[in-house]
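Engineer: I am attaching a structure below and will ask some questions about it afterwards.
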Amino acid sequence: MVPYGRQSISQQDIDAVIDVLKSDFLTQGPQVPAFERSIADHCGAKHAFAVNSATSALHIACLALDLGAGDILWTSPITFVASANCALYCGADVDFVDIDKRTYNMSVQALEEKLVDAEKTGRLPKVIVVVHLCGQPCEMEAIHALSQQYGFKIIEDASHAIGGKYQGEPIGNCHFSDITVFSFHPVKIITTAEGGMALTNSDELAERLALLRSHGITRDPELMTQAPDGPWYYQQIDLGYNYRMTELQAALGVSQMTRLDEFVSRRHELANVYNEALASLPLTRPWQHPDAYSGLHLYVIRLDLAKLNKSHLQVFEELRERGVGVNLHYIPVHLQPYYQAFGFKQGDFPVAEQYYRDAISIPMFHGMSDNDQQFVIDTLKEVLAA
Ligand SMILES: *Cc1c(COP(=O)(O)O)cnc(C)c1O
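Rendered as structure tokens:
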């Protein structure tokens, strides 16, 4: 089976992890700060905090922005559940904004309309999590302008998007957001096995993120309520978690970062081949916004079901049976049973629901050979022709 995504591990990556195993520090050593610096420098952000997952990064990002009971977070229904769950962890409510027909990211028009309504009913969101689906950045300039008008904070869930650019600048620079989050799960663009990062340009948010990642504990005398009792002293000044990344993970991350550009450019090569090879098939290929240079985590096709005598499910199953490891990103979050219990229902976000009826993610990853790709193309042609 050709998987839809797969990590790329080099000898250099393996050596980097082994070196940590032989070193003094398995956690809380030099690799985590080095990984944070390499990502912050790559993105052009002031601060970066490595954590054990993007889910943890989203959680502490919401807490740092003071999201809590009585507050509302909005996100896209077409995302991994973590982009919404982070609000629930904080005791806040979740709502969704439908997606754009072409980018599959949160629709700026739908957002604007929903904000107008929410202002009337006094239900404006405190935080909006925008998701750069497939690696394609959202329309950040317009969303940022709305945040100024309506007073909400912005978290970029850039789990798919490291290595991409918006208006020619690296995603993660937080130019149009308060905090940006990356994931380093093995299917993503670079990996640390499990891992995530939260970036910000705000010194104040940085201080909170650092505390929340590690029990709310500080060793900085300037943050303490009294002078230290002695060299052993630390203080807990907030309620935090143990969301730390290990040195093994960070060393892998540092090593993976040296190949980030190569990873993304190979994805672009593969996408360009797909774009040409699939042009005449009854499907819609990914559309790219002119402001976007996508990290291309995913290549999503939309089946033109009116022109096919097979269902979405049939096409999906036949591809898998023939060894093409397709997937579907994502089941609309508002249709998950856990969210339906909050009153969300079929019909609430029609563009997202239509996407779910015809979208398929086809294999694309750095180590995919030209032969693998040709096999995917040929199989897709056969399945759609029959
Ligand atoms: C993978 C992913 C997450 C969660 O990342 P973890 O590192 O597995 O916690 C969150 N949001 C999106 C959009 C993702 O793709």
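The sequence shown runs contiguously to residue 1526 in my numbering. A virtual CB, placed ideally from N, CA and C, is assigned to each residue, including glycine. It should be emphasised that the depicted structure is a prediction, and the values quoted were computed from it without experimental measurement.
(1) So, with DSSP's three-state summary, where would you put N1467?
(2) Judging by CA-CA distance, which residue of K1447, H1408, R1353 and D1510 is the nearest neighbour of C1202?
(3) Do S1247 and V1234 have their C-beta atoms closer together than 8 angstroms?
(4) Tell me the DSSP secondary structure of M1141 in three-state form.
(5) Is V1237 helix, strand or coil when you go by DSSP?
(6) Can you tell which of F1403, E1409 and L1445 has its C-alpha closest to the C-alpha of L1421?
(7) Going by CA-CA distance only, name the one from G1483, P1503 and H1474 that's closest to P1490.
(8) Can you grab the Cα-Cα spacing for the pair A1333 / K1260, in whole Å?
(9) Run through the stretch 1275 to 1348 for me and flag every whole alpha helix (DSSP H) of 4 or more residues, listed as ranges in chain order.
(10) Under 8 angstroms by Cβ, that's how I've got G1312 and A1298 pegged, so tell me the actual separation to the nearest angstrom.
(11) With a threshold of 8 angstroms on Cβ separation, who are the neighbours of G1262 within its own chain once the five nearest residues in sequence on each side are excluded?
(12) Looking only at its chain, what residues have a beta carbon closer than 7 angstroms to the beta carbon of Y1433, apart from the 5 residues adjacent to it on each side?
(13) Going by other Cβ atoms of all chains shown within 10 Å of its Cβ, with 16 needed for buried, is K1162 buried or exposed?
(14) What does DSSP give as the partner residue(s) for I1212 in the beta ladder?
(15) Taking the C-alpha atoms as reference points, what is the distance between D1164 and C1183?
(16) What residue range is occupied by the uninterrupted alpha helix (DSSP H) comprising I1517?
(17) Buried or exposed for A1346, going by 16 or more other Cβ atoms inside 10 Å?
(18) Decide if H1408 is buried, meaning its Cβ has at least 16 other Cβ atoms within 10 Å, or exposed.
(19) State buried or exposed for T1215, treating a residue as buried only when at least 16 other CB atoms are found within 10 Å of its CB.
(20) Is S1193 near ligand 1, with its Cβ less than 7 angstroms from a heavy atom?
(21) State the start and end residues of the unbroken alpha helix (DSSP H) segment that holds V1403.
(22) Can you name the start and end residues of the beta strand (DSSP E) that H1187 belongs to?
(23) Measuring straight from C-alpha to C-alpha, what distance separates E1458 and H1325?
(24) Could you give the first and the last residue of the continuous alpha helix (DSSP H) run that contains Y1479?
(25) Measuring alpha carbon to alpha carbon, tell me which of D1155, K1521, H1452 and R1497 ends up nearest A1417.
(26) At the level of alpha carbons, what is the spacing between A1250 and I1239?
(27) Mapping DSSP to helix, strand and coil, what is V1473?
(28) For L1349, I'd like the list of residues in its chain whose CB is within less than 8 angstroms of its CB, leaving aside the five on either flank, ordered along the chain.
(29) My parser needs the alpha helix (DSSP H) runs of 4 or more residues fully inside the stretch 1141 to 1177; what are they?
(30) Measuring CA to CA, which of I1357, E1402, A1390 and L1363 is closest to Y1381?
(31) Considering only the beta carbon of each residue, do T1243 and H1429 sit closer than 8 angstroms?
(32) In whole angstroms, what is the alpha-carbon distance linking A1411 and Y1439?
(33) For a quick check, are the C-beta atoms of H1452 and R1406 less than 8 angstroms apart?
Structural biologist: Result, derived from the coordinates:
(1) Looking at N1467 - three-state DSSP - the assignment turns out to be strand.
(2) It is R1353 whose Cα lies nearest to the Cα of C1202.
(3) Not in contact: S1247 and V1234 (Cβ atoms no closer than 8 angstroms).
(4) Coil, per DSSP.
(5) The DSSP-derived three-state label of V1237 is coil.
(6) Here the closest residue by C-alpha is L1445.
(7) Measuring from the Cα of P1490, the nearest candidate turns out to be H1474.
(8) Taking the Cα positions, A1333 is about 45 angstroms away from K1260.
(9) Note on the stretch 1275 to 1348: whole alpha helix (DSSP H) runs with a minimum of 4 residues are 1280 to 1290, in chain order.
(10) So it is a contact: roughly 6 angstroms between Cβ atoms.
(11) So the list is empty, once near-sequence residues are dropped.
(12) The beta carbon of Y1433 sits closer than 7 angstroms to those of G1304 and K1305, all from its chain and outside the five residues before and after it, given in chain order.
(13) Of the other Cβ atoms in all chains shown, fewer than 16 fall within 10 Å of the Cβ of K1162; this residue is therefore exposed.
(14) According to DSSP, which records beta bridges pairwise, I1212 is partnered with D1233.
(15) Taking the straight line joining both Cα atoms gives about 30 angstroms.
(16) Where I1517 is concerned, the enclosing alpha helix (DSSP H) starts and stops at D1510 to A1525.
(17) With 16 or more other Cβ atoms within 10 Å, it is buried.
(18) Of the residues assessed, H1408 falls on the exposed side of the cut-off, its CB having fewer than 16 other CB atoms within 10 angstroms.
(19) So T1215 ends up on the buried side.
(20) Because some heavy atom of ligand 1 lies under 7 angstroms away, the Cβ of S1193 counts as near it: yes.
(21) Residue identity differs from the one stated: residue 1403 is Phe in this sequence, not Val. Annotation: the continuous alpha helix (DSSP H) that includes F1403 extends over L1400 to A1417.
(22) Start and end: H1187 to V1191.
(23) Straight-line Cα distance between these residues: approximately 28 angstroms.
(24) Membership of Y1479 in the alpha helix (DSSP H) is indicated by the continuous run P1477 to Q1480.
(25) Nearest C-alpha to A1417: K1521.
(26) Their backbone Cα atoms lie some 8 angstroms apart in a straight line.
(27) Of the three classes helix, strand and coil, the one that applies to V1473 here is helix, per DSSP.
(28) Same-chain partners within the cutoff: H1187, F1189, I1200, A1201, A1204, I1319, A1338 and T1340.
(29) Qualifying alpha helix (DSSP H) stretches, in chain order: 1151 to 1161.
(30) Each of I1357, E1402, A1390 and L1363 was checked against the Cα of Y1381, and the nearest Cα belongs to I1357.
(31) Yes, these two residues count as a Cβ contact at 8 angstroms.
(32) Rounded to the nearest whole angstrom, the CA to CA distance from A1411 to Y1439 is 7 angstroms.
(33) No; because the gap between Cβ atoms is not below 8 angstroms, this pair is not in contact.
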